[in-house]
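By our numbering, the letter at position 74 of the sequence shown is numbered 74, and the numbering carries on one by one without gaps. Heads up, the beta-carbon is just placed ideally off N, CA and C, and yes, glycines get one too. No experiment lies behind these values; they were computed from the predicted model shown.
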Amino acid sequence: MIISIKEVRNFIISILIPLIVGYLSNVLSRLLSGISTSTYYSQLIKPSFAPPSFIFPIVWTILYVLMGISAYKILKKGYDLSKVKDAMFYYWLQLALNFVWSILFFGLELRFTALVTIVLLIIVVSIMMYKFSKIDKKAM
């Protein structure tokens, strides 16, 4: 099986987009709060089972890469299909909510607004997963 340069490029772009979105969200949060998100996180009152701050960049990098791979698999089915456009709408919406959440919580310290955003994010991700599963079960 030969993979074209265009396919490789599209795959890389699909992975880079969520990684860049996550990175920019972190940078903006840091600029707005004046401290890093890991420092901010370490100052929060947390339960004993809360994970250490060094785990988050690792986990989020993996999650963003997986999001990109899923989006790539869906887009490969053909963007002209209405179900693909519909699924990708929820993909972009969840990516936007992910971007905004860190800024609201860490950067602006708007905890209630961040709570509302995270609830919306959970709903949107659930819808996106359902839509993705109807197109490609492995992309879910």
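When rounded, the separation of the alpha-carbon atoms in Ser53 and Ile103 is 17 Å. Judged by their CB atoms, Pro18 and Met67 are nearer to each other than the 8 Å cut-off. Residue burial is scored here from C-beta neighbours: Val124 has at least 16 other C-beta atoms within 10 angstroms and is therefore classed as buried. Shortest Cα-Cα distance from Lys138 to any of Ile69, Phe99, Ile15 involves Ile69.
In the DSSP annotation of this structure, the continuous segment of the alpha helix (DSSP H) that includes Pro57 starts and ends at 55-75. When C-alpha distances from Tyr72 are compared across Lys131, Ile15, Val100, Lys46, the shortest belongs to Ile15. The Cβ atoms of Phe105 and Ala114 sit closer than 8 Å to each other. Counting along the chain, Tyr41 sits inside the alpha helix (DSSP H) bounded by residues 37-43. Spatial neighbours of Val21 in its own chain (CB-CB distance under 6 Å, excluding positions within 5 residues in sequence) are listed in chain order as Leu95, Phe99. A Cβ-Cβ contact shorter than 8 Å links Val84 with Ile135. In summary, Phe132 is buried, with 16 or more beta-carbon neighbours lying within 10 Å of its beta-carbon over all protein chains present.
Pairing Ser25 with Leu44, the inter-Cα distance amounts to about 19 Å. When DSSP states are grouped into helix, strand and coil, Ala50 belongs to the coil group.
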